[in-house]
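For the sequence shown, this note's numbering assigns the number 2 to the initial residue and increments by one for each residue that follows. All C-beta atoms in this analysis are idealised placements derived from N, C-alpha and C, irrespective of residue type, glycine included. Small disclaimer: the values here were computed from a predicted structure and weren't measured.
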Amino acid sequence: MRIPSLLTASSPVFVGCLLGLLFLGIACDDGPPPSDPAQEGKETTVRSDSSLKSSEVPDSTTRRQTSRGLDPTTARMSTFSLKDYMPKLYGLVEADAAMTSELETYAQKIIIREALESEDDLIQLFEERETGIIPHLIPFFENMDNEQFYQEMNVFEAELNQIGLTFQTAEGMFIGLGAASVLESDIERLASEPYRLYLAFQNANAEASQGEYPFADMKPFQEMIVLGEQINALAPNPYIDKIKMDYEMALLSFTDVHLVRDASAREEEGGTPMVGGVHTEHYPFLTETETLTTFSETKSQSAYGEVMRKLAENMSEISNKPENVYVIVTEWADDIEMAQSRVVSHLADGKDIPHYLRIRRGDGTDKYAVAYRFYEDDTKAEAALEKILPTFPNAKLVFCSVRNQELYQLGPSAD
């Protein structure tokens, strides 16, 4: 299955808007991009504390205490009201009786914690969240006025957090709903290890899709990689296939990074890290490498620990206005799915081959280069080729021109 790629210059959906995070797409207005966190020093994200803190919500082992002295069944029926507990969400859906009933029933299960006695109960509840509540609730936010949403999103976020949901936004606009942490004590009590890890993976995946700059904080991606490894190590389990696409997306986003230098900068000044392709614009490709370095230093048990160390110490590099670039190609792929799959396989094998680049070859055909590194500087490129040849003896140095962040091979297309 193809991983939706937002990391290439041929992905205008992501450039104009945003990620299923990361790798998502929406229709955007013509407003300016968000302010640059590299300039302001921090990322703009939706973050708010729920008015009903998890410590104030009783778990299922103490829910009798929430009945205020009534019979538990009577208490559950008489004390919960979506309108009272979550007035903003109620006001959003109240004109739709079916949606109001669906949301109230679901929210009651979370807030009152009724009927949570087994892992199957948790699975049923969270499947309801994924297949019912999220897709049915999304249109109500999509139909909101953008200005109204921006003004009220923190209040909505607080209520959503209470029922295990969170916003995904781009440029201050709604783009989706994701999972958020909820029912922690019940999950700890009832869930098997694979399912507990799967729920944590879903939460990290939703967090990775938040924020104006989706790659400005790579910690959620790191968490997805670590959790994904743990889930895969517990094979067989039903969650391996469920996380596969998002797990590989996280791995590609985390490793497919290059440095962009100002053309007039001195060598020692370093460069600005960007995700994917040969992109040079800060929005939305700006990222950070501190998490990559931390991974290499602290996740020695990970199969990717050594790969991360090699990437952190030696990244691809171009200027902010590249004209030509040397690409160290280890192999060619006919399409993006094959190229991404090869990169994922190399990374899993401990080989620091992080790039997949579409190149218009000399014969006029488009192919995807699975690439070790790329540079404008021919000396650095030659040194990188010599370094990788013992591992990939068929690696080639391919010289390309760069136009509008697209690559065009110069010279013959013979491998």
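Judged by DSSP secondary structure, R190 falls within the alpha helix (DSSP H) whose first and last residues are E185 to L191. Under the Cβ criterion (8 angstroms, minimum of three pairs), the segment 277-288 counts as touching the segment 316-325. Per DSSP, the continuous beta strand (DSSP E) segment holding K397 begins and ends at K397 to R404.
Taking the C-beta atoms as reference points, I354 is found nearer than 9 angstroms to Y373. Straight through space, the alpha carbons of R130 and M174 are spaced by roughly 22 angstroms. Scanning G351, G363 and A334 for the CA closest to the CA of Y357 turns up A334. In the DSSP assignment, R374 falls within the beta strand (DSSP E) that extends over D367 to Y376.
Here D379 has Y327 as same chain residues with Cβ atoms under 7 angstroms from its own Cβ, once five neighbours each way along the sequence are excluded.
Nearest in C-alpha terms to F255, of all of S265, R310, L293 and A236, is L293.
DSSP places I360 within a strand segment (E or B) once states are collapsed to three.
Taking every protein chain shown into account, the CB of A96 has fewer than 16 other CB atoms within 10 angstroms, so this residue is exposed. Per DSSP, the continuous beta strand (DSSP E) segment holding F168 begins and ends at L166 to A171. Looking from the CA of A396, the closest CA among V344, T331 and I244 belongs to T331. Where Y151 is concerned, the enclosing alpha helix (DSSP H) starts and stops at N147 to Q163. DSSP places Q109 in the uninterrupted alpha helix (DSSP H) bounded by A98 to I112. Distance from the CA atom of E289 to the CA atom of V344, rounded to whole angstroms, is 21 angstroms. Put simply, the segment 114-131 touches the segment 166-186. At least three CB pairs are less than 8 angstroms apart.
Secondary structure note for N238: it is in no beta strand (DSSP E), with a DSSP letter that is neither H nor E. Contact between L191 and L117 holds: their C-beta atoms lie close to 7 angstroms from each other, under 8 angstroms.
Secondary structure at H259: strand, using DSSP grouped into helix, strand and coil. Using a 10 angstroms sphere on the CB of L411, the tally of other CB atoms stays under 16, which defines it as exposed.
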